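Heads up, the thing below is written out as structure tokens.
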Amino acid sequence: MSCHDYCSESTAEQIELNARPTQCDVMTTSAISIESVTKSFREETVLRDIELEVEDGEFCVVLGPSGCGKSTLLKCIAGLIESDDGRISLDGRDASELSVQERELGYVFQEFEETLFPHKTVAENIAFGLEQGSRERSTAEIEATIDEMLELLAIEETKDDLPGALSGGQQQRVELARQLSRECSVMLFDDPLADLDYKLQKRMELEMRSLHSTLGSTFLYITHNQDQALKLADKVVVMNHGMIEQIGSPETVYHDPKTAFVCRFVGDSNVLMADGAPTNVDGETVDVETEIGSITATAQNGSEKSTGVVIIRPEAVSLETDDCDVTLTGTLEGRTYTGETTEFAVSLDGLDRDFHVVVPNSPDTGTVGDPIVLGWNADDALYFDELSVTDAVTAAELIDN
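Going by our numbering, the first residue of the sequence shown is number 2, and it counts up by one from there.
And the structure:
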């Protein structure tokens, strides 16, 4: 298998889930328009000139580490906090002229169990959301909507139960039902699956995607989970230190990252520090002196600085090196079997940390302590002059994180 023949199966699955026609292909109207929005708390700026268009019917995921401003952005859109500068429009209407209720947004919090009334049954919890809406509904309509939501989320059997008798996944579905029943054209999700166990998270991810397809609403969803963002999104917005690093499809953000931060944060990667400015700048490729020697790499965003990094994804590295541009010999330090793949930790001369490789499982994968030959092609090694859109990111931090 050559360097180009393998992409990790989990990543390929995520990309395949998004290689489908969506409503985005015919969109013309922005459900949410954010222009130069800034927000500070005391002397700390948490949002810096945010520009974002979320199209009608789109599933947009805002991805970033904790503290990057994701939740603050969501609360500004919902009207729970007021931005300092800029403009937010909802379906063409200036949000500053609308109360929280008038914005008519569905909002699902991460702490979903705290938003359910413990003394009300599931049906009563859903009914509360309907009764608080701007449109008056008859008792018969409310009951019909409750039954429809319970069936949609496959929790019909919980109708008369109290929240305390439900599992975490069932409670999450009840809160989703309560918000979805209000028939809001825009739904906001504040990392709602973060506290669920792994298996339940995976099941709810599939349900979220199915719900979006069924309802046709606009979903704006924030998370720090990279895998979740790739699986769910039509469009991914990567944030860092209150700024937007990149906006694009899951495929674009993963395969064509605009900054080193995006490449490092979205998916696994090996980071090599450059020793001086690149040489032999020839079209898209450059030669870069790194901790493990000179490497030919693809220049992603410039080639003039001496503080850049080269990033190579583990699945881009091959153990069959006949067709590779770069080949190295190291020592196998560790091996982890994951079911679909095997992950290798390799020590290389000059590198004070393990170099990671992910390959399909094979019967002959070597023994810890053995020499191991690995390689990759120039277009799989990405050189970044600009580490981030913010000055807060250093090469050392990229390696540590």
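Backbone N, C-alpha and C define an ideal beta-carbon position, used for all residues, glycine too.
Small disclaimer: the values here were computed from a predicted structure and weren't measured.
### Task
Could you tell me whether the stretch 213-225 touches the stretch 56-68, where touching means 3 or more Cβ pairs closer than 8 Å?
Of all C-beta pairs linking the stretch 213-225 to the stretch 56-68, three or more are shorter than 8 Å, placing the two stretches in contact.
### Task
Could you check the C-alpha separation between Ser186 and Val38 for me, to the nearest Å?
Inter-residue distance for Ser186 and Val38 is about 22 Å (C-alpha atoms, whole angstroms).
### Message
Would Ala298 and Val311 be called neighbours here (beta carbons separated by less than 7 Å)?
### Response
yes
### Query
Enumerated in chain order, which unbroken segments of the alpha helix (DSSP H) with a length of 4 residues or greater are wholly contained in the stretch 260-294?
261-266
#### Entry: Span separating the alpha-carbon of Thr23 from that of Glu252
With a pLDDT of 45 at Thr23, under the threshold of 50, the modelled position of this residue cannot be trusted; read the value that follows with caution. Roughly 15 Å separates the two Cα atoms.
### Task
Drop a sphere of 10 angstroms on the beta-carbon of Asn362, count the other beta-carbons inside from all chains shown, and report buried for 16 or more, exposed for fewer.
By the neighbour-count rule (16 or more Cβ atoms within 10 Å), Asn362 is not buried but exposed.
### Query
Are there three or more Cβ pairs, one per stretch, closer than 8 Å when the stretch 283-290 is compared with the stretch 230-246?
no
### Task
Kindly indicate if chain C contains any beta-carbon less than 7 Å away from that of Ile313.
The structure shown contains no chain C; it holds only a single protein chain.
### Message
Once DSSP output is grouped into helix, strand and coil, what is the label at Gln247?
### Response
The three-state secondary structure of Gln247, taken from DSSP, is strand.
### Closest by C-alpha distance to Asp386, when choosing among Asp326, Gly277, Val237 and Arg136
Gly277
### Query
Is the beta carbon of Leu333 sitting closer than 7 Å to the one on Val359?
no
### Task
Going by CA-CA distance only, name the one from Glu59, Thr328 and Asp392 that's closest to Met209.
Glu59
### Task
For Asn271, count neighbouring C-beta atoms within 10 Å of its own C-beta (all shown protein chains included) and say buried if the count is 16 or more, exposed if not.
Buried.
### Query
Does DSSP put His357 in a helix, in a strand, or in coil?
strand
#### Entry: Contacting residues, own chain, Cβ-Cβ under 6 Å from Ala124 (five flanking each side not counted)
Ile147 and Lys160
### Message
Quick check on the DSSP output: the alpha helix (DSSP H) that includes Val237 runs from which residue to which?
### Response
Element bounds for Val237: not the alpha helix (DSSP H) but the beta strand (DSSP E), Lys236 to Asn241.
### Task
Output yes or no for whether 7 Å exceeds the beta carbon distance between Thr116 and Glu176.
yes
### Task
Just grab the DSSP bridge partners of Thr46 for me.
Thr46 pairs with Ser41.
### Query
Taking C-beta to C-beta, are Val287 and Tyr199 nearer than 7 Å?
no
### Task
Can you give me the Cβ contacts of Ile400 inside the same chain, cut-off strictly under 6 Å, excluding the 5 residues immediately before and after it?
The answer, listed in chain order, is Val272.
### Query
Looking at C-alpha atoms only, which residue of Thr308, Arg49 and Leu131 is the closest neighbour of Ile35?
Arg49
### Test item: CB-CB of Thr73 and Val47 under 7 Å
yes
### Query
Taking the continuous beta strand (DSSP E) assigned at Asp191, which residues delimit it?
Val187 to Asp191 is the extent of the beta strand (DSSP E) around Asp191.
### Query
In angstroms, rounded to a whole number, what distance separates the CA positions of Gln301 and Gly68?
27 Å
#### Entry: Burial state of Thr337 (16 or more Cβ within 10 Å)
exposed
### Task
Return the first residue and the last residue of the alpha helix (DSSP H) that Glu149 is part of.
Taken as a continuous stretch (DSSP letters only), the alpha helix (DSSP H) holding Glu149 covers Thr140 to Leu153.
#### Entry: Pro279 and Ser250 closer than 7 Å at C-beta
no
### Message
Measuring straight from C-alpha to C-alpha, what distance separates Met205 and Ile313?
### Response
32 Å
### Query
Can you give, in chain order, each stretch of the beta strand (DSSP E) that sits fully within the stretch 322-359 and has at least 3 residues?
327-338 and 342-348
### Query
Starting from Gly376 and walking both ways along the beta strand (DSSP E), at which residues does that stretch end?
Where Gly376 is concerned, the enclosing beta strand (DSSP E) starts and stops at Pro372 to Trp377.
### Message
If you follow the alpha helix (DSSP H) that Leu181 is in, where does it begin and where does it stop?
### Response
Gly169 to Leu181
### Query
Does DSSP put Pro22 in a helix, in a strand, or in coil?
With a pLDDT of 44 at Pro22, under the threshold of 50, the predicted position of this residue should be treated as unreliable, though the coordinate-derived value follows. The answer is coil: DSSP assigns Pro22 none of H, G, I, E or B.
### Message
Please classify Ala155 as buried or exposed, where buried requires at least 16 other C-beta atoms within 10 Å of its C-beta.
### Response
exposed
### Message
What does the Cβ neighbour count give for Asn126, buried or exposed, with the cut at 16 atoms within 10 Å?
### Response
buried
### Message
Residues in the same chain with beta-carbon distance under 6 Å from Thr1, minus the five sequence neighbours each way, listed in chain order, please.
### Response
No information on residue 1 is available, as it lies outside the stretch 2 to 402 that the chain covers here.
### Task
Can you grab the Cα-Cα spacing for the pair Met240 / Asn378, in whole Å?
Rounded to the nearest angstrom, the gap between the Cα atoms of Met240 and Asn378 is 29 Å.
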